[in-house]
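Here is the structure we will look at.
Number of protein chains: 4
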Amino acid sequence: MDIIELRRDLHAHPEVGFTEFRTANRVVLELRSNGYSVSYGADVMVPEWRRGLPPSTQIDLAYERAKNDGADETILQGMRGGLTGVVATLKGSAPGPTVAFRFDMDALPIVESTDSEHVPNANGFASLYRGEMHACGHDGHTAIGLAFAKAMSARKFAGTLKLIFQPAEEGGRGAKSMVDKGVVDDVDFLICCHLGLDLPLHSISGGACDFLASTKLMAQFHGVSAHAAAAPEKGRNALLGAATALLNIHALPRFSSGATRVNVGVLEGGTAPNIIPDTAKMVLECRAESYEVNQDLEQRVRTILLHSAAKHGLTCDIETIGEAATAVCDHELKSLVLDAAKFIEFFTEFKDEHPLGASEDATFFIRRVQELGGKATYSILGTTIAAPHHNPKFDIDEQILPATVQLFERIAMITLQTRAE
Amino acid sequence: MDIIELRRDLHAHPEVGFTEFRTANRVVLELRSNGYSVSYGADVMVPEWRRGLPPSTQIDLAYERAKNDGADETILQGMRGGLTGVVATLKGSAPGPTVAFRFDMDALPIVESTDSEHVPNANGFASLYRGEMHACGHDGHTAIGLAFAKAMSARKFAGTLKLIFQPAEEGGRGAKSMVDKGVVDDVDFLICCHLGLDLPLHSISGGACDFLASTKLMAQFHGVSAHAAAAPEKGRNALLGAATALLNIHALPRFSSGATRVNVGVLEGGTAPNIIPDTAKMVLECRAESYEVNQDLEQRVRTILLHSAAKHGLTCDIETIGEAATAVCDHELKSLVLDAAKFIEFFTEFKDEHPLGASEDATFFIRRVQELGGKATYSILGTTIAAPHHNPKFDIDEQILPATVQLFERIAMITLQTRAE
Amino acid sequence: MDIIELRRDLHAHPEVGFTEFRTANRVVLELRSNGYSVSYGADVMVPEWRRGLPPSTQIDLAYERAKNDGADETILQGMRGGLTGVVATLKGSAPGPTVAFRFDMDALPIVESTDSEHVPNANGFASLYRGEMHACGHDGHTAIGLAFAKAMSARKFAGTLKLIFQPAEEGGRGAKSMVDKGVVDDVDFLICCHLGLDLPLHSISGGACDFLASTKLMAQFHGVSAHAAAAPEKGRNALLGAATALLNIHALPRFSSGATRVNVGVLEGGTAPNIIPDTAKMVLECRAESYEVNQDLEQRVRTILLHSAAKHGLTCDIETIGEAATAVCDHELKSLVLDAAKFIEFFTEFKDEHPLGASEDATFFIRRVQELGGKATYSILGTTIAAPHHNPKFDIDEQILPATVQLFERIAMITLQTRAE
Amino acid sequence: MDIIELRRDLHAHPEVGFTEFRTANRVVLELRSNGYSVSYGADVMVPEWRRGLPPSTQIDLAYERAKNDGADETILQGMRGGLTGVVATLKGSAPGPTVAFRFDMDALPIVESTDSEHVPNANGFASLYRGEMHACGHDGHTAIGLAFAKAMSARKFAGTLKLIFQPAEEGGRGAKSMVDKGVVDDVDFLICCHLGLDLPLHSISGGACDFLASTKLMAQFHGVSAHAAAAPEKGRNALLGAATALLNIHALPRFSSGATRVNVGVLEGGTAPNIIPDTAKMVLECRAESYEVNQDLEQRVRTILLHSAAKHGLTCDIETIGEAATAVCDHELKSLVLDAAKFIEFFTEFKDEHPLGASEDATFFIRRVQELGGKATYSILGTTIAAPHHNPKFDIDEQILPATVQLFERIAMITLQTRAE
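In C-alpha cells:
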C-alpha cells in the first residue's frame, strides 16, 4: 500500500485520543513487518500520567470496533483501556547516535463535512466513523511515519533509529505518559513535525516558536441538594460556587510578562428548577507564553476554584486533563533540517522558525531530550489546506507526504552517519 | 376493574407531563362508556398556553408507546403533540348548577425504587416505563376521578357534573392552557384535591392555604464562539453572561412583605476548554407568598437575565416553562366538604385549611371560577405515605381511594341538588 | 431643673455612642446628689467587649468638649477612652428584691434639621454639636431616668433599686460590655423602655416582640498594590475580593425558618485608577428572626469573606462592630406594667406586646436576667413623633415624660414592696 | 535666576493638574520679559475638553494660594477655574517653518519624603505644599522651557518658535483641550520631551515607542436607599451594580492583537450597614497597545457599566477623566535630535527609540501635527533618578537641565534655519 492509500485508509478510520486501537494495531504490524523491534501499551506509557481519558464505555466501544475490523487480538489486549502508544527501534550496523522521529495518531470529535466537493467525499475516503474526523492532519503524520519506516528498513546506517507514535495529542493528553516512561531518555536527536498550519505548499520551517504552555483542568463541585422552596438553607449550592469561580477566573490579572489566556469552556450543573443544585462540572484551560507563568496562572486558577467551593460549603475536585509546555528548538537541528530540505527539489521556501501561537504536547518530548543533553526541533511542512485546522472541511494536499518521507530519510542518514563519533 | 386495580394499572404505566397518551386515552374510553359527553385535545386546551413542553421526540416516543399498548388511534390523533387534557360532562335531569371536579394525571421523571419492600414491587405494579414514576399520587387522583364518574352515572341529579382531567401539573405547566380555553367558565362549584401531603390517614382538610405563587423560566444565552487562545476577543462568552446572571439573581433582595425564593436549578453551556462558549441554557424559578410579589420578582429576574446578556454582547431568549398562582379557598365550600366528610365513617379528623407551602397550578382553575362568581376549594385527603412526595419510594395507603369516591359522591349530590335555585 | 428642661439640655448636647462624656458626667452628679451609690467607667463595663468604638481622635475631641463645658475632671478621667456607662443603686430600708431600670444615652450622627418649624429650633434647644442629634428619643430616656431617680430618693421601700445608664445602643454596641461586667447578675426584675416607635400618645405596650437578632461586621481586605499597566500580576486586588464577597453574601440562601436579612452597606477601596487596589473596607450586617439562625447566617457571611479574600491572595480581618439578640418578654412583668399603667390617668390604650421588627441590644440585658432566674420586659411608651426615628426632623411630644416617671414610680413601688418575700 | 534655582523654586511650589496658577503665572511673566507674545487661559484651551477637573473648592484654594504668593491678578483671572495652559511665540526675522516645543507643568498628589537624605530636603527646596510633589520631573521640564526661551530670545532665526506649557499631563487630562483649540495646527516640527524614565545620565533617545493608549473613566451609580431590615426590596442597591460591574470588567477577554489592561482602581459606596446603598463611585482605566483596541475595550467597559446598573434598576453616569493615545515618532525628526545631540559633549549614548510602556497625552499633540503634514517626536533625556517616578523620594540629577537647553537651542537653530525653504 503506498503512502497515499495508507493516508486515505487512516482518514477513513479516524479514532479520537486513547481510542486509536485500529490505527496503532496497524502501526505495530507494519513496523514489525519492516524488521523493527516494536513495543506498545504499558511498555511505552505510564498509564496514570495520561490526561483526560474518555469514559471507559467509549474506549471499550472503539476497542470492539477495532476488533470487528480485524485488528490483531493479542496486540489489542496490550492496549486495552487506552494504552495506544507505540515505539519502534531499528538498530544500525554500527554503534552511533539515537535519532528519533515522533508522530501523532489521533483524530478529533468532529463530524466530517458531507459537501460533495470535499475531496475525501469526492474520492471515497471520508470518515466511516460518524462524529470522528482527521481534521488536523495526523492521518498524514502517521502515514509519513510508516512510509519513512519502510524506506529506512532498506538503508544501512550507524546508531539507532527510533520511531514514536503518540496517542491523544489533541488537548495535550498523551505525550507526558510516554515521556515519563522514558521513551526519549536515550535520544540524541529528535524530530517532531506538523503538516500545514499556515505554511504554503513547498515551504518548510526548520523549527517552531511561540508555543503556548497550557493546562486543561476539569473541576467537579459537590454540594448538597435541597428543595428550593421548602428548605433552601439546607442546600449547598454547587452552581453558586461554580459561577463565582468562573467570573473570578476570567478576572485574573493580565500579565506584564507576556500573553496569557484563561477560558472556562464548559459548565454544567443542576437537575431541576426547584432543586438546589448539588453538583457542577467545569472544564477550563489556561495558557501563557512562558511555562513558569502558566504554572503561576494555573496555581491562581486552582486557588480560585478551591476557595469558591469552600465559600459555599462545597468540595471541589480538580483533575488535570491536558497539558502542554513551551519549547525552544535547537538552532543546530533547525539548520540541519533546512540544509536537508534544500536537497529536495520539492521545497523552495525555507524559514528558520514559524510561530505556532498554539499549544503542542510534543514540547514535553523536546524539553526532555534537551534536559538530557540532546537536540530537538519541531519542523513545519507547508501544504495547501482546504479549510482551517479543526474545521469539518479540512483537507491537505497529499503532495507533501512523499516529499516529507524523502526529507526525513535525508535527515536520518545525515544524523545517523555523519554525526556518530 | 375496581378502583384499586385501576390505580395500580395507572401506577404501572406512568407518563410525564404532556405525554399522558395512554392514561388520557383510557380516561376518554371509561368516561364515554359511562355516558359522559367527552372532549379532549385542542377542544379543551389552548396549545400555545402550555408551558415547558418536552422535546417533540420524547412526545412522539410516548405516543408510539401508547399506540403499541393498544390505545385508540382516533383518540390518540386528537391528542397528537401533547394535547392530553380531557373534559367530560354529564347533564342531570333538570336545570341546575355546574359542579366540577379537577384531577391531574401526570407522573414524574423519577426512577422508581427497586427495593423489594416497596409495595409496588412486592405487589407487581411498579413502573414499567423506566425513568417515569407516579411519585406524587396522581395515579390515585385519576383512579378516583374515574371511579367517581362511574358512581355518578348511576345517580339522578339536577344541573351538570363536569370532570376535568389535567395533564402536566408538575412544574405548573398544564392548567393555564385549559383555563384559557374556558373549561371552567360555566362552573359554579369547583373541587380540586390532593392525596397525602402531610395529613395522616383518616384526616381531611376542607381547603388549603399558603400556596406559593411560582414562575419557572428557561433562559437561553447566545453569543459567538471563538478560539480561546487564538482570538478570545472575537468571542461573545455565553457562560460569562450566564454566571453573572446566576449570581445576581440569587442576590436579589429579600422582601419585607413575606417569604420569597429564587433558584437557578440548571446551568449548562459550552463545548470544549479551548472554545469561548457561545451558548448557555439556564432553568430557574422564583416564588412568593403573594402573586403580585412573585410578578415583581419575576420581572427583576428577567431584567437581570437580559442585562447580563447584553453586557457581554449576547442575546437571551426567556421562556416561561411553568407557573402557579396563589389562591384562597372559599369558606362556604370548605365547610361543605367537611360537612360531607362527617357523614363518611372513614374520616375522623377535620381541618379547615392545611398549609401547602408549595406551588400548584390548580390555583389557576380556582382563581378563574372565583373571578366569574363561583366557589372553589382545594381539599386535602390524608393518607399514609411510605416516603416523601417525589421520592423513589413514595407510595400511598389505598384505603383513601374508595373513601374519597364516597365523599365526592356526597359533595356532588349536595351541590347538584340542594344548591340549585 | 425639671424633666422638660433636663431633656432639652440633653437634646442640645447630643453625644454619639461611647462619647457621652457630658451626659454621663451629668448623670453621675445628679444621682450622687440624690443619695445613690454610683459606679461608672471600667467598674461597670468590660472595655474589650465594647463594639464599634469610634476613632480615638473622635473620642478625645468629645472628651475635651465635655471638659470645656465644665464636666467634673475626676469623673471624666474614669470614663476616658469611651467608658461612658453608669450604674447607680439605692438600698431600701429592708431586704428585698433588686429591681432595675435601663436607659440608653447616645445620640446619632445626623445633622439636625434647620427648619424653623422643627420644635427644637422654635424653642431654642436644637443640637449645639453639628452632625450629632438626638433623633431616637434617648434624650427623653435619660431625662426620665434622672427624674425617676429623684422621685424614688424620697420614697421608702424594701430591696434595692438599680438604675443602668447605657452608652452606644445605636448599632448594638454598648450593652454587651455592661452585661459581661455582671451589672444585672443580681437583678430580679428588669424594665427596659423606648419612647415612640409607632405607638400613639396615651398608648402603652407592656412588652415587645419581633426583635431581630443582628450582627454588624467590619471587614478589612489587605492585598498588594502594583502599577495597573506595568505589572498588574504583581498586585493582589483587594477590590476583586471585596466585590466577589459582596455578591456572594447577598446571594446567600433565604431561610425557610423565617425572615433573614443581609446587607453590605458600605464598601470603600483603592486609591487611583492606575493602581491595583491593595485595601478595601466593607461594613455589613445580617439579621434573623431567631438568634440561632442569625449565628448560622453570620458564620456563612464570615466564610464568604475569608474565602473571597483567600482566593485573590488577600487577608481579611473581620471585627464585630455591633450585635443584638432576640428576646421574649416575661408575661408576668408585661402584665404588671399594664396594671400599673391603668392607674395613671394619662394612659388610655393598653397592649400586651408591640412588634419591634428591628434590633435592640437591651435584649442582652433581658436574656441575662432571665438566664439567672429573673423577669424582664421591654415596654413601649407611645408618643407623637414629628418624623420617623433617625430622621433630621424627629421630635417627641414631651407629655410622655412626666407620665412615664409616674408609671415607673408605681412599678418600682409594687415590685420593691409587695413582691419581696 | 539660573535654571537650577528656577527648577528648585518650582519644585518647592508643586501644583497638581489644573491648579498650576503660580507656575503658569511665572511662565507668562518670564516669557513676556523675554519678548515673547504670550496667550493663556481660554485663548489656548477649550474648557470643556479638559478631563478630570479637581473639585472647584480645590481649584479655588490653589488660586488663592497663588494670589497670596504674589501672582499677577490679571493673569490669574484669565486662568480662573483651572485654565492654566500657556502658549508663547517668538517670530524670527524672516519667514520660515513653525517649530514647537511642548513642556508639562503639573505635580502629583504625593506627600514628599521627609528623609533627610532626600536631596530636596538636604538642600532646602522640598515641597512647601503638603500633599503635592514634583515626583515626575515636570519641574525640570518647565525650567528647561523657560531657560530655553531666554536663550532663544538672544538668537536670530527664520520662521516661528512656539513654546507650549501644558497643564494636567498626569492622568492624560490636559493635552486634548489645547490640541482642540488648535495650538499646534500651524506647527511644522514638534519636539516633546521627558526626563529620566529609565535612561541613564548622558543617554538620549531620539524618540519613543510603545505608548499605551489609555482611557480613564469615572462612573457614578445612583439607586434608591431603603432600610435594610424594614424594606430591602424598596431599595435599588448601587453597590450590587458596582460590584458586578467590577468583576465583569476585569473578566473582559484578553486580546490576541496585543497587550491590554483594565483596572477598577477605586470603588466607594454606601453610608451605613443598615441602609441599602444608593450611590457608588468607581474610577477605572483601560489601556491597549493600539488606539483602536483601546476604543473597543473602552466601549466594552461602558457597556458593562450601563447594563450592570440597569440590571439592578440603577442609573450610571460615566465621565471620561483622562485619555492618552498611541503615537509613532517621525524617523526624520528622531535622527535630527540625535544628530544635534552628537554635537553636545554631555551626551555619549544615543538610541533611536526608547519603549515607554506607559501612557502620555503628548500623543494627542503628536498625532495632530502629523495629521496636518508636520513631523513630531517625543525625545527622552536620561538622568539619574533617586527613586522611581511617582515615588516620594523621586529626584533628578540636575546636570541634565543645562545640557537639554543646549540641545534644544541646537535643534531649534537647525529646524528654523536650514529647513526653511
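Chains as they are written, first to last, in full-length UniProt numbering: chain A, 1 to 421; chain B, 1 to 421; chain C, 1 to 421; chain D, 1 to 421. Idealized CB from N, CA, C, for every residue including glycine. Please read these numbers as outputs of a predicted model, since none were measured by experiment.
is_contact[L333 (chain A), chain D] using C-beta, thresh 8 Å = Your numbering for residue 333 (chain A) matches position 333 in the first sequence. Contact of L333 (chain A) with chain D is not assigned, every C-beta pair being separated by 8 Å or more.
Does the beta carbon of H390 (chain A) come closer than 8 Å to any beta carbon on chain D?
-> As a first step, residue 390 (chain A) is located in the first sequence; it is residue number 390 there, counting from the start. Not closer than 8 Å to any Cβ of chain D, the Cβ of H390 (chain A) fails to qualify, so no.
Taking the continuous beta strand (DSSP E) assigned at S37 (chain C), which residues delimit it?
-> Translated into positions along the third sequence, residue 37 (chain C) becomes position 37. Taken as a continuous stretch (DSSP letters only), the beta strand (DSSP E) holding S37 (chain C) covers 37-40.
Could you please tell me which residues of the region 260-293 of chain A, in chain order, have their CB closer than 7 Å to any CB of chain D?
-> If you check each beta-carbon in the region 260-293 of chain A against every beta-carbon of chain D, the ones closer than 7 Å belong to T260, R261.
Looking only at its own chain, which residues have a Cβ that is under 7 Å from the Cβ of A158 (chain B), when we skip the five neighbours before and after it?
-> Stepping through the second sequence from its first residue, residue 158 (chain B) is reached at position 158. Here the set comprises G92, S93, A94, P95, G96, L416, Q417, A420.
From what residue to what residue does the alpha helix (DSSP H) around V28 (chain A) run?
-> Locating residue 28 (chain A) in the first sequence gives position 28, counting from the first residue. Here the alpha helix (DSSP H) through V28 (chain A) covers 21-33.
CB-CB length for T260 (chain D) against V293 (chain D), believed under 8 Å = The residue labelled residue 260 (chain D) in the question sits at position 260 within the fourth sequence. The residue labelled residue 293 (chain D) in the question sits at position 293 within the fourth sequence. Going by Cβ atoms, the distance from T260 (chain D) to V293 (chain D) rounds to 6 Å, so yes, they are a contact pair.
Three CB pairs or more closer than 8 Å across the region 192-210 of chain B and the region 372-384 of chain B = Contact between the region 192-210 of chain B and the region 372-384 of chain B is established, with three or more Cβ pairs separated by less than 8 Å.
Taking the C-alpha atoms as reference points, what is the distance between A88 (chain D) and A71 (chain D)?
-> Residue numbering aside, residue 88 (chain D) sits at position 88 when the fourth sequence is read from its first letter. Residue numbering aside, residue 71 (chain D) sits at position 71 when the fourth sequence is read from its first letter. Each residue's Cα considered, the two are about 19 Å apart.
Complete alpha helix (DSSP H) runs within the region 356-401 of chain D (minimum length 4 residues, chain order) = Fully enclosed alpha helix (DSSP H) runs of 4 or longer: 362-371.
Bounding residues of the beta strand (DSSP E) (the contiguous stretch that carries F101 (chain D)) | Counting from 1 along the fourth sequence, the entry for residue 101 (chain D) is found at position 101. Note, F101 (chain D): beta strand (DSSP E), 94-104.
Cβ contact check for the region 59-74 of chain D and the region 163-178 of chain D: 3 or more pairs under 8 Å = Three or more Cβ pairs closer than 8 Å define a contact, and the region 59-74 of chain D falls short of that threshold against the region 163-178 of chain D.
Compute the Euclidean distance between the alpha carbons of M133 (chain B) and H389 (chain B), then round it to the nearest angstrom.
-> Position 133 of the second sequence holds residue 133 (chain B). Position 389 of the second sequence holds residue 389 (chain B). Distance between the alpha carbons of M133 (chain B) and H389 (chain B) is about 11 Å.
Just reading off the alpha helix (DSSP H) that M79 (chain C) is part of, what are its end residues?
-> The residue given as residue 79 (chain C) occupies position 79 in the third sequence. Run containing M79 (chain C): 73-79, per the alpha helix (DSSP H) assignment.
S116 (chain C) versus R51 (chain D): straight-line alpha-carbon distance, rounded = Within the third sequence, numbered from 1, the residue matching residue 116 (chain C) stands at position 116. Within the fourth sequence, numbered from 1, the residue matching residue 51 (chain D) stands at position 51. Cα-Cα distance, rounded: 42 Å.
Along the alpha helix (DSSP H) that carries R302 (chain D), what are the first and last residues, could you check?
-> Along the fourth sequence, one-based indexing puts residue 302 (chain D) at 302. Segment 291-310, the alpha helix (DSSP H) holding R302 (chain D).
Secondary structure of R287 (chain D), DSSP reduced to three states = Residue mapping note: residue 287 (chain D) aligns to position 287 of the fourth sequence, counting from 1. R287 (chain D) falls in the strand class under three-state DSSP.
How many angstroms separate the CA atom of L61 (chain B) from the CA atom of A107 (chain B)?
-> Taking the second sequence and counting its residues from 1, one reaches residue 61 (chain B) at position 61. Taking the second sequence and counting its residues from 1, one reaches residue 107 (chain B) at position 107. When rounded, the distance between both Cα atoms is 16 Å.
Bridge partners - K281 (chain D), DSSP secondary structure assignment = Here residue 281 (chain D) refers to the residue found at position 281 of the fourth sequence. Listed as beta-bridge partners of K281 (chain D) by DSSP are D:Q220, D:E268.
Taking three-plus beta-carbon pairs below 8 Å as touching, is the region 329-347 of chain C in contact with the region 331-345 of chain A?
-> Three or more beta-carbon pairs separated by less than 8 Å are not found between the region 329-347 of chain C and the region 331-345 of chain A, which leaves the two stretches without contact.
Please confirm whether A280 (chain B) and A238 (chain B) have their CB atoms less than 8 Å apart.
-> Position 280 of the second sequence holds residue 280 (chain B). Position 238 of the second sequence holds residue 238 (chain B). With contacts defined by Cβ atoms closer than 8 Å, A280 (chain B) and A238 (chain B) form a contacting pair.
Sequence-distant residues of the same chain with beta carbon closer than 7 Å to D186 (chain D), five excluded per side = Locating residue 186 (chain D) in the fourth sequence gives position 186, where the first residue counts as 1. Apart from sequence neighbours up to five positions away, the residues of its chain that approach D186 (chain D) with a beta-carbon distance below 7 Å are T98, ordered along the chain.
Whole-angstrom Cβ separation of K216 (chain B) and G171 (chain B), contact assumed at under 8 Å?
-> Numbered from its first residue, the second sequence carries residue 216 (chain B) at position 216. Numbered from its first residue, the second sequence carries residue 171 (chain B) at position 171. About 6 Å; that satisfies the 8 Å criterion.
Using the C-alpha atoms, what's the distance from R7 (chain D) back to L128 (chain D)?
-> Position 128 of the fourth sequence, counted from the first residue, corresponds to residue 128 (chain D). Position 7 of the fourth sequence, counted from the first residue, corresponds to residue 7 (chain D). One alpha carbon belongs to L128 (chain D), the other to R7 (chain D), and they sit about 14 Å apart.
Spell out the partners DSSP gives G207 (chain B) in its beta bridges.
-> Indexing the second sequence from 1 puts residue 207 (chain B) at position 207. Under DSSP, G207 (chain B) takes part in a beta bridge, and its partners are B:E353.
Residue range of the beta strand (DSSP E) that L163 (chain C) falls in?
-> Position 163 of the third sequence, counted from the first residue, corresponds to residue 163 (chain C). Per DSSP, L163 (chain C) belongs to the beta strand (DSSP E) from 158-166.
Quick one, which of A:F221, A:P402, A:I396, A:Q299 has its alpha-carbon nearest H312 (chain A)'s?
-> Working through the first sequence from its first residue, we reach residue 312 (chain A) at position 312. Looking at the Cα atoms, A:F221 is the closest of the given residues.
Look at the alpha carbon of R26 (chain A) and the alpha carbon of T84 (chain A), and state the distance between them as a whole number of angstroms.
-> Here residue 26 (chain A) corresponds to residue number 26 of the first sequence, with the count starting at 1. Here residue 84 (chain A) corresponds to residue number 84 of the first sequence, with the count starting at 1. So the alpha carbons of these two residues sit roughly 11 Å apart.
Give the interface partners of L161 (chain B) over in chain A, defined as CB-CB distance under 7 Å, in chain order.
-> Here residue 161 (chain B) corresponds to residue number 161 of the second sequence, with the count starting at 1. Residues of chain A passing the Cβ test: none, with the nearest at roughly 34 Å.
K150 (chain C), enclosing alpha helix (DSSP H) - first and last residue = Position 150 of the third sequence, counted from the start, is the residue given in the question as residue 150 (chain C). First-last of the alpha helix (DSSP H) with K150 (chain C): 138-153.
For D69 (chain D), three-class secondary structure by DSSP = Locating residue 69 (chain D) in the fourth sequence gives position 69, where the first residue counts as 1. Coil, per DSSP.
For L401 (chain B), which option in B:L190, B:H354, B:H194, B:M79 has the closest C-alpha, if you only look at C-alpha atoms?
-> As a working note, residue 401 (chain B) is residue 401 in the second sequence. Considering only B:L190, B:H354, B:H194, B:M79, the residue with the shortest C-alpha distance to L401 (chain B) is B:H194.
Assign K375 (chain D) to one of two classes, buried (16 or more other C-beta atoms within 10 Å of its C-beta) or exposed (fewer than that).
-> As a position in the fourth sequence, residue 375 (chain D) is number 375, starting the count at 1. With 16 or more other Cβ atoms within 10 Å, it is buried.
Is A327 (chain D) near S359 (chain D), with beta carbons less than 8 Å apart?
-> The residue given as residue 327 (chain D) occupies position 327 in the fourth sequence. The residue given as residue 359 (chain D) occupies position 359 in the fourth sequence. No, the Cβ-Cβ distance between A327 (chain D) and S359 (chain D) is not below 8 Å.
Report the residue from C:R80, C:L407, C:N123, C:V46 whose alpha carbon sits nearest the alpha carbon of I4 (chain C).
-> The sequence position of residue 4 (chain C) within the third sequence is 4, counting from 1. Comparing C-alpha distances from I4 (chain C) to each of C:R80, C:L407, C:N123, C:V46 shows the shortest one belongs to C:N123.
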